[in-house]
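So the structure is just underneath, and the comments pick up after that.
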Amino acid sequence: MKVLVPVKRVVDYNVKVRVKSDQTGVDIANVKMSMNPFDEIAVEEATRLKESGAATEVIAISCGVAQSQETLRTALAIGADRATLVQTDVELQPLAVAKLIKAVVDKEQPQLVILGKQAIDDDANQTGQMLAALLDWPQATFASKIEVSGDSVSVTREVDGGLETLKLSLPAVITTDLRLNEPRYVTLPNIMKAKKKPLETLTPEELGIDVAPRIKTLKVTEPPARAAGIMVPDVATLVEKLKNEAKVI
Ligand code: AMP
């Protein structure tokens, strides 16, 4: 069973982003970039499936600028066997990414695609769902446990009231939640080995996909600054203020 894992290069989660002065977006010049954390979990899960014998090959794919190669090398160092970069300088929106991944799925014929539930830059939470719709495959989002057996996969997912377990027939699309696993540390020997693993580069034109943006960002602004808090001397004053000033109790 081949597993395809889409990974996105995003601003590192430790970076405090700043809005550009012209309000067209956030400033990513000279900012640390990393693999989207949910995608790291997806690569880890695919690698574990391979180590357990359930998967035979793990292929990482990233769509975006040339530097996304670094993200793919990280996926190869975690355990992916080979990687595909769909290279473009065009700003990619979830529908365009889903179409590009679908084109690669048509080419590679994996049985499972494991994506992150959302990319932490735009927080869209759309690509996996759109991909499943385009492929007309079953999907299970926000997975906290994945078990492959034969031609089906059981996925436990986190829902508001607790946990839900779904059984999907393969091929299928799964998106990862935070508690699915804890990704391993990437070791130096594996980083060195990853440099020798195959990485192919394609373009949206070669795949026949139009990636022109369909949504226009009008402006990006900082959230309003929060008013300063106050210290109260005791619980009685707190309760009095909650009752009479905030009127929440
Ligand atoms: P989103 O719908 O943008 O929140 O992204 C959800 C998931 O789709 C991510 O966690 C990735 O697995 C995948 N994805 C989104 N954008 C890209 C991209 N440019 N290249 C590869 N995978 C992507």
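So our numbering is basically just the index in the sequence shown, starting at one, shifted up by 44.
Backbone N, C-alpha and C fix where the C-beta goes; we use that ideal spot for every residue, glycine too.
In this text, all values refer to a predicted model and were calculated from it rather than measured experimentally.
Residue i beta carbon near ligand 1 (any heavy atom closer than 8 Å)
i: residue 170; result: yes
i: residue 141; result: yes
i: residue 51; result: yes
i: residue 162; result: yes
i: residue 219; result: yes
i: residue 227; result: no
i: residue 274; result: no
i: residue 86; result: yes
i: residue 82; result: yes
i: residue 108; result: yes
i: residue 125; result: no
i: residue 103; result: no
i: residue 159; result: yes
i: residue 56; result: no
i: residue 257; result: no
i: residue 166; result: yes
i: residue 48; result: no
i: residue 196; result: no
i: residue 112; result: yes
i: residue 145; result: yes
Spatially closest choice to residue i from the options, by CA coordinates
i: residue 74; options: 197, 62 and 160; result: 62
i: residue 275; options: 158, 285 and 266; result: 285
i: residue 77; options: 85, 240, 112 and 66; result: 112
i: residue 88; options: 71, 159 and 72; result: 159
i: residue 153; options: 163, 173, 103 and 114; result: 103
i: residue 79; options: 119, 288 and 253; result: 119
i: residue 124; options: 47, 144 and 271; result: 47
i: residue 188; options: 256, 277 and 82; result: 82
i: residue 60; options: 168, 180 and 71; result: 71
i: residue 136; options: 239, 97, 106 and 243; result: 106
i: residue 220; options: 233, 236 and 201; result: 201
i: residue 68; options: 271, 282, 281 and 266; result: 266
i: residue 236; options: 174, 122 and 144; result: 122
i: residue 242; options: 129, 93, 270 and 96; result: 129
Paired residues, beta bridge with residue i - DSSP
i: residue 46; result: 101
i: residue 192; result: 197
i: residue 68; result: Paired residue(s): none; residue 68 is not in a bridge.
i: residue 53; result: 79
i: residue 202; result: 207
i: residue 216; result: 156
Chain B contact for residue i (CB, 9 Å cutoff)
i: residue 83; result: Checking the listed chains, one finds no chain B in this structure; it contains a single protein chain.
At 3 residues or longer, what runs of the beta strand (DSSP E) sit wholly inside the region 222-278? Counting whole runs of 3 or more residues, the region 222-278 contains the beta strand (DSSP E) stretches 243-246.
At 4 residues or longer, what runs of the alpha helix (DSSP H) sit wholly inside the region 99-149? The region 99-149 contains these whole alpha helix (DSSP H) runs: 112-122.
Fully enclosed by the region 150-188, which alpha helix (DSSP H) runs are 4 residues long or longer? Along the length of the region 150-188, whole alpha helix (DSSP H) runs at least 4 residues long occupy 171-179, reported in chain order.
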